[in-house]
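Data first, discussion second: the structure below is written as structure tokens.
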Amino acid sequence: MLSTFLEALISQPFMQHALIGGLLASIACGVAGSYVVVRRIGYIAGGIAHAVLGGMGLAYFLGRSPVGGAICAALVAALIIGLVSIRWKKQEDTTISALWAVGMALGVLLIARSPGYNVDLMSYLFGNILMISREHLWLIFWLDMGIVLLVILFFKQLLAVSFDEEFAELRQVSVNIFSLLLLCLVALTVVILIQVVGLILVIALLALPAAIAGHYVQSLSRMMLIATLLGGLFITGGLAVSYQYDLPSGATTVLLTGLAYLVSSVGISVWRRWQLGRSGRK
């Protein structure tokens, strides 16, 4: 299997684009995904991801770039959820659910009514990493650079907001502003991952590599690094398996990631019980 994949990688430009795109996506996946896991905002990330389809549908309907529509919709959804969370905390779940459902429905309707409708909706719902173009690679690269730059510039503030908002306020950190910034980082990451695994599966790749990393390290920066490496490994593995057996690449990648998370969770649980039993005998 490996030799077949390597031969295709050497000879086929679309495979090279897919691998490079996957590795670039793993950077955003590891960085933003760590914040998603630490702050436990997976449901918010899911709401943003599904709202994106509405923006893409509107862009198609108006004859504009779907990626531009995705970025705008993701950022708008992130800001709406963030502002509702700040002002009307009890309405947060309802708002996320509404954006989730309305965004999906609006996107499907607008795409269906777009002039010259020939859009493969399944590629947006479940991803198709093999369709990544050189232009998409540059877009992912610049989005990655923006995310990494913002995290480097505001790492301490985002760290404080992620772990303890009350402590952050005592340290004179603008909690509301940095909470919104954090959601915007997640929104941009969602746009990057849509091409890799699609809207439906994006939350798995966003959260699971970071969750696995969290089993073994406590430092946020180390979690980001390990999650990035794991994301790259899972995407590459998913690409290889899907190419060999003619399977959907997005679903294969997420399945491998889910299996790795299951093995890691069971392994760390067994290890901790063994450690407790050992300390008890002493």
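1 is the number of the first residue of the sequence shown in full-length UniProt numbering; add one for each residue after it. Cβ atoms here follow ideal geometry from the backbone N, Cα and C, with glycine treated the same way.
For Ile20, the enclosing alpha helix (DSSP H) stretches over residues 13-39. In the same chain as Gly127, and ignoring 5 residues on each side of it, the C-beta atoms closer than 6 angstroms to its own belong to Val196, Val197, Gly198, Gly250, in chain order. With respect to Leu53, Gly107 sits close: the two C-beta atoms are nearer than 8 angstroms.
Within the same chain, and ignoring the five residues on either side of Val254 in sequence, the residues whose Cβ sits closer than 7 angstroms to its Cβ are Val197, Leu201, Ala204, Leu205. Annotation for Asp144: the continuous alpha helix (DSSP H) segment containing it runs 134-153. Rounded to the nearest angstrom, the gap between the Cα atoms of Ile41 and Val161 is 13 angstroms. Contact annotation: Val186 and Tyr43 have beta-carbon atoms that are not nearer than 8 angstroms.
Nearest Cα to Gly146 within the set Leu181, Leu208, Ser114, Phe163: Leu181. Cβ contact annotation for Gly237 (same chain, cutoff 8 angstroms, sequence separation greater than five): Thr253, Leu256, in chain order.
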